[in-house]
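Undergrad:
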Amino acid sequence: MIYLDHSATTKPDSAVLQTFIQANERYYANPASLHQMGTEANTLLMKAREQIAQILKTEPEHIIFTSGGTESNNFAIKGLARANQHRGKHILISAIEHPSIIESARHLTNEGFELEFIDVDNNGGIILSDLRSKIRKDTVLVSIMHVNNEMGAIQPISEIAKIIRPNSRAFFHVDAVQSFGKLPVQFQGDNGPDALTISGHKINGLKGTGLLAFSKRIKIQPILHGGGQELGYRSGTVAVPQNVALAKAMRLAVEQMAENTTKFRKWREDLHVFLNKIYHVHVISSNDGAPHIISCSVRGLKGEVVVNALQSEGFIVSTSSACSSKDSSISHVIEALQIEESFEKGVIRISLGNGLTNSDIEQFKVVFAKMMKQLKGETIQL
Numbered sequence: 001m002i003y004l005d006h007s008a009t010t011k012p013d014s015a016v017l018q019t020f021i022q023a024n025e026r027y028y029a030n031p032a033s034l035h036q037m038g039t040e041a042n043t044l045l046m047k048a049r050e051q052i053a054q055i056l057k058t059e060p061e062h063i064i065f066t067s068g069g070t071e072s073n074n075f076a077i078k079g080l081a082r083a084n085q086h087r088g089k090h091i092l093i094s095a096i097e098h099p100s101i102i103e104s105a106r107h108l109t110n111e112g113f114e115l116e117f118i119d120v121d122n123n124g125g126i127i128l129s130d131l132r133s134k135i136r137k138d139t140v141l142v143s144i145m146h147v148n149n150e151m152g153a154i155q156p157i158s159e160i161a162k163i164i165r166p167n168s169r170a171f172f173h174v175d176a177v178q179s180f181g182k183l184p185v186q187f188q189g190d191n192g193p194d195a196l197t198i199s200g201h202k203i204n205g206l207k208g209t210g211l212l213a214f215s216k217r218i219k220i221q222p223i224l225h226g227g228g229q230e231l232g233y234r235s236g237t238v239a240v241p242q243n244v245a246l247a248k249a250m251r252l253a254v255e256q257m258a259e260n261t262t263k264f265r266k267w268r269e270d271l272h273v274f275l276n277k278i279y280h281v282h283v284i285s286s287n288d289g290a291p292h293i294i295s296c297s298v299r300g301l302k303g304e305v306v307v308n309a310l311q312s313e314g315f316i317v318s319t320s321s322a323c324s325s326k327d328s329s330i331s332h333v334i335e336a337l338q339i340e341e342s343f344e345k346g347v348i349r350i351s352l353g354n355g356l357t358n359s360d361i362e363q364f365k366v367v368f369a370k371m372m373k374q375l376k377g378e379t380i381q382l
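Once you know that position 170 of the sequence shown is 170 in the UniProt record's numbering, the rest is easy, because the numbers rise by one and skip nothing.
This is the structure in structure tokens:
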């Protein structure tokens, strides 16, 4: 099988796995324990936190380890809004955010917060004028993902920050789960976010690892209570080996980013040219989008049919989002893009990652053309 679903999850890098195993074998003590083994485990944890802080150009005490993107997003939305509601109770998010952002924000409406959505254009980009018109003096939080997980739209983080800062006292959170390691993530200065979400398993790290980082010291309320671990922000015994492995995965992702981005962009452009030749295919992703995500739809078919047809030929892709692929309803992202009705249900996502070759991409085109001949009777020139 050739795996083209790296935006859903990635295979852990062998070096990351080795780091995890070694840390488990030697540093298995509870880092909160006062004995020597606990102190050694805590020292290793501190080093991992410092390494990540260097990568993100922030302070070690501004890195909070979590179980992944969903927890980090819940922590950011609920924690920032609740701790700072004296500033206001108005929340702004884009119409194409990840469900962990949307549902967290909707949950807060039960506590008296007001939620409003920022519109996007046909390419998935934030309509800056809509943000400008909707932001208010009582806006407490704006959350906008850097790269959309379903169709790869890249949001202009600096431009968004330039609108938020002069017009409100809102905190700016960015979900960088799909962008870290693929694109530079700005996290400094007035034009960067206040908080950033990263997930380990999207960058050849381990599932169950992630973090929420802050660019400066800000007030946030914990959503997990107990022993006060993670600088008082996230209670529970800290998973030292997992967090050390996350630091390793982040270092490797940054080191490999330039080379991978060049490869992915070449393959994405090649696939866009190929798919755009097909009458019954609508290409949703843009050449200006993230280099590793290609989203398209086949007219009159369900995405599951296309996924299964490609799988039978040895290629693994997903419908628009693996997080909701078992839900037969049309994705909220696809609804926001307002694509033609005949294409709404046939969306698939091809996402690139480590281990792929030029030959894999060429073979995918051959298989896709064969599938289109079988399912739609369309002959495609390769």
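Backbone N, C-alpha and C define an ideal beta-carbon position, used for all residues, glycine too.
How about the segment 133-143 and the segment 164-178: do they share at least three Cβ pairs that are nearer than 8 Å?
TA: Result yes; three or more Cβ-Cβ pairs closer than 8 Å.
Undergrad: Under the assumption that Leu128 contacts Leu352 (Cβ atoms under 8 Å), give the Cβ distance between them as a whole number of angstroms.
TA: Between Leu352 and Leu128 the Cβ distance is about 29 Å, and since that is not below 8 Å, they are no contact.
Undergrad: What is the DSSP secondary structure of Thr319, counted as helix, strand or coil?
TA: Here Thr319 sits in strand by DSSP.
Undergrad: Determine the burial state of Ile21: buried for a count of at least 16 other Cβ atoms within 10 Å of its Cβ, exposed for fewer.
TA: Classification for Ile21: exposed.
Undergrad: I'd like the list of long-range same chain contacts for Val147, defined as Cβ closer than 6 Å, with 5 residues on each side in sequence excluded.
TA: Excluding sequence neighbours, Val147 sits near Ile154, Gln178, Ser179, Ala290.
Undergrad: Which residues in the same chain as Glu59 place their Cβ atom closer than 7 Å to its Cβ, once the five residues preceding and following it in sequence are excluded?
TA: Here the set comprises Ala53.
Undergrad: Using a Cβ-Cβ cutoff of less than 7 Å, which residues in the same chain neighbour Arg26 once the five nearest sequence positions on both sides are dropped?
TA: Taken in chain order, the list of residues that qualify is empty.
Undergrad: Enumerate in chain order the residues of its own chain whose CB-to-CB distance from Ser325 is below 6 Å, with the five nearest sequence positions on each side excluded.
TA: With a pLDDT of 45 at Ser325, under the threshold of 50, the predicted position of this residue should be treated as unreliable, though the coordinate-derived value follows. Once the five neighbours on either side are set aside, the close Cβ partners of Ser325 are Ser318, Thr319.
Undergrad: Which ranges does the alpha helix (DSSP H) cover as unbroken runs of at least 4 residues, wholly within the segment 91-136, from first to last along the chain?
TA: Complete alpha helix (DSSP H) runs here, min 4: 99-108, 128-134.
Undergrad: Which partner residues of Val281 appear in the DSSP bridge assignment?
TA: DSSP output for Val281 lists Val298 as bridge partner(s).
Undergrad: Is there contact here, the segment 243-255 with the segment 6-20, by at least three beta-carbon pairs under 8 Å?
TA: Flag = yes, the segment 243-255 and the segment 6-20 touch.
Undergrad: Take the Cβ of Ser133 as the centre, count every other Cβ of all protein chains shown within 10 Å, and call the residue buried at 16 or more, exposed below.
TA: Burial call: exposed.
Undergrad: Assess contact between the segment 180-192 and the segment 155-165, defined as three or more Cβ pairs (one per stretch) separated by less than 8 Å. Is contact present?
TA: Yes: at least three Cβ pairs fall under 8 Å.
Undergrad: For His332, which of helix, strand or coil comes out of DSSP?
TA: Three-state DSSP puts His332 in a helix.
Undergrad: Nearest-angstrom Cα distance between Gly68 and Thr209?
TA: Taking the straight line joining both Cα atoms gives about 5 Å.
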